[in-house]
Structures are given as C-alpha cells and as structure tokens.
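Notes follow the structure.
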Amino acid sequence: MADVSGEAAASLRQRSESRSDTGVAAPGNQTLSKRQKKKLLKQQKWEEERELRKHRRKERKQQRKLQRQNTQLENRGDGPSSRKRPCTEAMPSTLRLLVDCSFDDLMLIKDVRKLHKQIQRCYAENRRASHPVQFYLTSLGGQLKQSMDEKDKGWVNWKDITIKAEHYSEVVAKDELVYLTSDSPNVVEELDQKKAYVIGGLVDHNHHKGISYERAKELGIGHAQLPLSSFVKMNSRKVLAVNHVFEIILAYLEKGSWQEAFFTVLPQRKGAVAVSQDGTNRQENQDDDEGPNSDSNLDAAEKTVIRVQN
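Residue numbering for the sequence shown follows UniProt numbering, beginning at 1 and increasing consecutively.
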C-alpha cells in the first residue's frame, strides 16, 4: 500500500512539474481560461490516480472478507447466526399444501405481484420451519409466471417445492384433496397427514366471493375451513392472505394448538383476541416483517379467497 501510494505520488509530482514548465496545452492552440485549466488538471489527476484507487478498493474488499470470516468463527458454536434453522433440526411432515394458481385471469397485474410476494413468503417460511410441509404450486403460468421470471429469476432453483403447470386435480388424486375455504360448512379439527390441502391463490378484493368453494364443489373434492372462529375474535374483516393460511398450518404442526398457531401468525392490525376471554388483546405477532411499516406487510388490499365466517 505504502509503495503504491509513493509511486503514484512521485508520478503525480513529475507530471505536475512538467506541466508547470510547459503549461497546459489547449486544444487547437486555443487559450484556456483559469477555470478550464483547473478542470483539465483535475481530470488529469483523476486519470493518474486510477490504479491507486483500484488498489485501495481491492484492499477494502479483502478487509471486509476477513471481517466476515472472523465473525463466522466467533459465532461458531454459539447457535445459528441467522433465522434459517439447520437442516438436522427439521423434521419434514408428510402433509401436502398446494397453492392453486388457476385464478390468474381474474387478477390485475398489481394483484398478481402481491400474490407472487405471498408465495415467496410461503416458500421462505417452509424452508425454515421445524416441520416443513410438501409444498406444491399448481397451474403456474400466465401473469404470475411472467412476474416470477421478471422479479425473481432464482425461483427456477427453489428447493423442496413441486411446481406444476397442471391443475391440482391432475397432480393429486381427488379423494385426497381438501380445499381450504371459509365458505365451506366443514371445519378442520385436525390435519390429516394423508390429505393434500389446497389454498386458493387469488388476490381478489372480495370481487369473487365464494369462487373457490364453488369450484371445489364442481370438481367433487373435499372442502373445509380452518377453525378460526372457534378460537379467535378480530376487530377487522376476517380475511386471511395465502401466506397467513400457510404459516398458520406450519405453526400448528410445530405447536399442536390451533389457538397458539393463530396468535403466532395473525397480524397485529387485526386486533385478535381469544374467544374465551373478555376482550383483552392476546395477539402475539412474532414476525417483525408483519409490522405496519414493513415493505412486506400485507395490507387489506392483499387478501385472498380464504374468507373466514363470523
């Protein structure tokens, strides 16, 4: 570093002396103003120090690399340094969760992009879950695939997920399917590990209420709603986003309690309280990403067809 700096300084002095003797040549033998001369000298100096700047950048990069390595060594043995859980701790579930992406033609592109973010969240949460599910995306195509190609090209390398262009009824046997929709009169009491639960991938602003329930009936497949009303009261519309339904199921698999799962996942803005209590807010939102100022916050416009009955 010192040698390089010295050589650059010496070179600069030599060129400065040369210029002081001969002056700064003007293009076409024109006389330069003081401001033009100053600007030209500044440009020459910048060019002369190009190699020196390059060397300094290399040194800073090497220092940052060493700092990262030292930090990793210090943290080793003290537990994971990130939220991602080591693979040895995970106990995969045989439960299948499918996101039905067949509603593409019913959404505007801005809503498709919101759905894309919700799917990204599902994938990330499943990767670090203690009991990750068998995750499926079905009917992937159209605007959603275009959004994923443009905004998240790495999705083609996602692990532990099955992505199909086919409809979910062509991927899983019909007698194993259960469509999760709050319009269903049936209520899920416990999750059946042999079943495949379908979540409607639709950000619809309630324009297509009941569509997932109707389609499930048309196909002759099972349907049910999560037992939210049995455990939770909310002071907002009882509507859940795709990733909320997905995360609630992951939390249930980990905790074995629907109430704990609901209070772990539901956003604080919904004002959730336990049904059995007198109105004291027991919402325990444990995810900083769901805060009111977060970029990933899913507001009232980012709702899906998972509508919860009163």
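Glycine residues also receive a C-beta, built at the ideal position from the N, C-alpha and C atoms.
The structure presented is a predicted model; accordingly, all values stated were derived computationally and were not measured.
Own chain residues within Cβ distance below 6 Å of residue i, not counting five before or after
i, result
"ASN186", "ALA224"
"ILE161", "PHE135"
"ILE163", "LEU137, LEU140"
"GLN43", "none"
"LEU226", "VAL188"
"ASP104", "GLY142, GLN143, LEU144"
"THR22", "With a pLDDT of 43 at THR22, under the threshold of 50, the predicted position of this residue should be treated as unreliable, and no value is reported."
"GLN193", "THR94, LEU95"
Helix, strand or coil at residue i according to DSSP, with G and I counted as helix
i, result
"LEU97", "strand"
"ILE221", "coil"
"THR31", "coil"
"LYS233", "strand"
"VAL187", "strand"
"GLN193", "coil"
"residue 311", "Residue numbering for the chain in the displayed model covers 1 to 310; residue 311 lies beyond these limits and cannot be assessed."
"THR71", "helix"
"VAL178", "strand"
"SER81", "In this prediction, SER81 scores a pLDDT of 39, lower than 50, which makes its location untrustworthy; no coordinate-derived value is stated."
Terminal residues of the beta strand (DSSP E) in which residue i lies
i, result
"VAL198", "196-200"
"THR264", "Segment 258-265 is the alpha helix (DSSP H) holding THR264; no beta strand (DSSP E) there."
"LEU250", "Careful: LEU250 lies outside any beta strand (DSSP E), inside the alpha helix (DSSP H) at 242-255."
Per-residue burial, residue i [other beta carbons within 10 Å of its own, 16 or more giving buried]
i, result
"LYS38", "exposed"
"VAL156", "exposed"
"LEU180", "buried"
"ILE199", "buried"
"LEU66", "exposed"
"residue 311", "Residue coverage of the chain in this structure runs from 1 to 310, which leaves residue 311 outside it and unanswerable."
"GLY79", "Its pLDDT being 41, under 50, GLY79 is placed unreliably by the model, and nothing is read from it."
"GLY201", "buried"
"SER230", "exposed"
"HIS244", "buried"
"LEU108", "exposed"
"ARG57", "exposed"
"GLU47", "exposed"
"ASN70", "exposed"
"GLU59", "exposed"
"ARG53", "exposed"
"ARG35", "exposed"
Own chain, CB closer than 8 Å to residue i, minus 5 neighbours either side, in chain order
i, result
"ARG256", "For the record, residue 256 in the displayed sequence is Gly; it is not Arg. So the list is empty, once near-sequence residues are dropped."
"ARG50", "none"
"LYS151", "ARG113, HIS116"
"LYS217", "HIS223"
"SER169", "LEU177, LEU219, ILE221"
Nearest neighbour of residue i, chosen from the options [CA to CA]
i, options, result
"SER212", "GLU190, ASP183, LEU240", "ASP183"
"TRP158", "CYS122, LEU191, VAL178, ARG215", "CYS122"
"ALA196", "THR31, VAL99, LEU40, THR71", "VAL99"
"VAL133", "VAL171, MET91, SER147, GLU47", "MET91"
"ASP175", "LYS217, ASP192, ILE221", "ILE221"
"LEU191", "ARG96, TYR168, ALA165", "ARG96"
"LYS110", "MET148, GLU125, ALA129", "MET148"
"ALA241", "ALA129, LYS117, GLU150, ARG215", "LYS117"
"GLU89", "GLU218, ALA129, GLN259", "ALA129"
"LEU106", "HIS207, THR94, LYS194", "HIS207"
"VAL172", "LEU219, ARG127, GLY154, LYS153", "LEU219"
"PHE246", "GLU214, GLN146, GLY154, ARG127", "ARG127"
Endpoints, alpha helix (DSSP H) assigned at residue i
i, result
"LEU144", "142-151"
"GLN120", "109-127"
"SER169", "168-171"
7 Å Cβ shell around residue i - same chain, five flanking residues per side excluded
i, result
"ALA261", "ILE248, ALA251, TYR252, LYS255"
"SER102", "SER139, HIS167"
Cβ-heavy atom distance, residue i to the ligand ADP, below 7 Å
i, result
"PHE231", "For the ligand ADP, the structure offers nothing, since it holds no ligand at all."
Beta carbon proximity, residue i to chain C, threshold 8 Å
i, result
"VAL133", "Although the question refers to chain C, the structure presented lacks it and comprises just one protein chain."
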